[in-house]
Structures are given as C-alpha cells and as structure tokens.
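J.: Dumping the structure here so I can ask a few things about it.
Numbering (this note's numbering), first residue to last: 1 to 150.
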C-alpha cells in the first residue's frame with residue numbers, strides 16, 4: 001500500500017511540474033510577442049518623433065515589465081526584455097535629452113532611470129555610458145550657448 005501511495009505521489013509531482021513548465025513556456029511566448037509589439041510601436045513613434053506618445057509608451061513598457069516580473073517566470077521577463085532591447089538601446093540616450101528638455105524629468109532622474117535599466121538588463125552598460133555622455137554634451141552645449149549670449 002505504501003508503494004502505491006509513493007508511486008501516486010511521484011506521478012502527481014511530475015505532472016504538476018509539467019504544468020508549471022507548460023505555463024512558463026506559454027508566458028515566455030506571450031510576453032516575447034508583446035515585447036516585439038511594443039518595440040515595433042516604439043520604433044514607429046520614434047520615426048515621427050511624437051515625444052509625448054514615446055513617453056507614454058515608455059511608461060506602458062515599464063508597467064508591463066512589472067506585470068511580467070509579478071508572474072515569477074524569469075524566462076518570460078528575459079524574453080520580454082530581449083524583444084525590446086534593440087529599440088531601447090537605440091533611443092535611450094536621446095530619451096534622456098528629450099525628458100530633460102521637455103521637463104518631464106531632471107537630468108539626474110533620467111540618467112538614474114537608464115542606469116537602473118542597465119542594472120536590470122534592459123539595456124547594455126555601453127548604452128548607459130552613451131546616455132551619460134550625451135546628457136553631458138547637451139549640458140556643455142547649453143552652457144556654451146548661454147555664455148555666448150552674454
């Protein structure tokens with residue numbers, strides 16, 4: 001009788017693990033597709049330079065990323081981030097400048113956001129560096145322009 005119970009428990013455990021793996025695979029496929037959709041939409045908005053829509057899309061992406069984290073499926077989060085990485089890396093430095101120019105964030109806040117993205121794996125460290133350099137160059141350019149006015 002004990003053997004039958006142990007066998008039943010083992011079969012139940014294996015089947016439950018199979019369900020978890022299946023749910024994780026479904027989550028990976030779902031969030032990868034959503035990441036690719038967000039990347040395409042962000043690219044489109046970037047082409048027309050619709051700043052407010054780009055900021056709104058960025059907020060939506062960050063909210064979706066939190067939703068994916070809440071699932072507990074690390075592979076789904078990685079798939080989502082990888083689907084967006086190319087687009088986010090292309091525009092990250094310009095986003096810092098846009099946010100500071102539009103007044104939606106201070107330079108420090110915008111750079112902290114990019115640095116956080118770098119630490120979370122959303123963008124590469126070279127993208128963080130490029131963003132810092134571009135923000136610094138913009139500040140220097142503004143200071144020179146202001147000095148020349150005087």
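In this text, a Cβ means the ideal position worked out from N, Cα and C, and glycines have one as well.
Please read these numbers as outputs of a predicted model, since none were measured by experiment.
Below 8 Å, can you find three or more Cβ-Cβ pairs linking the region 82 to 91 to the region 122 to 133?
T.: Counting Cβ pairs under 8 Å, three or more are found: they touch.
J.: Assign residue 127 to one of two classes, buried (16 or more other C-beta atoms within 10 Å of its C-beta) or exposed (fewer than that).
T.: For the purposes of this step, residue 127 is taken as the residue at position 127 of the chain shown. With 16 or more other Cβ atoms within 10 Å, it is buried.
J.: I'd like to know whether the C-beta atoms of residue 69 and residue 77 end up nearer to each other than 7 Å.
T.: Walking along the chain shown from the start, residue 69 turns up at place 69. Walking along the chain shown from the start, residue 77 turns up at place 77. Yes, the Cβ-Cβ distance between residue 69 and residue 77 is below 7 Å.
J.: Kindly indicate which three-state DSSP category residue 105 falls into: helix, strand or coil?
T.: The count along the chain shown starts at 1 and reaches residue 105 at position 105. Residue 105 falls in the coil class under three-state DSSP.
J.: Helix, strand or coil: which one does DSSP assign to residue 80?
T.: By one-based count along the chain shown, residue 80 stands at place 80. The answer is helix: DSSP assigns residue 80 an H, G or I state.
J.: Near residue 61, what residues of its chain come up, given a Cβ to Cβ distance below 6 Å and the 5 sequence neighbours on each side ignored?
T.: On the chain shown, position 61 is the one that residue 61 refers to. Closer than 6 Å at the Cβ level, and outside the excluded window around residue 61, lie 38.
J.: With a 10 Å radius around its C-beta and 16 neighbouring C-beta atoms as the bar for buried, classify residue 110 as buried or exposed.
T.: Reading the chain shown from its first residue, position 110 is the one you call residue 110. Buried.
J.: Residue 99: buried (16+ other C-beta within 10 angstroms of its C-beta) or exposed?
T.: Looking up residue 99 in the chain shown gives position 99. With 16 or more Cβ atoms within 10 Å of its Cβ, residue 99 is classed as buried.
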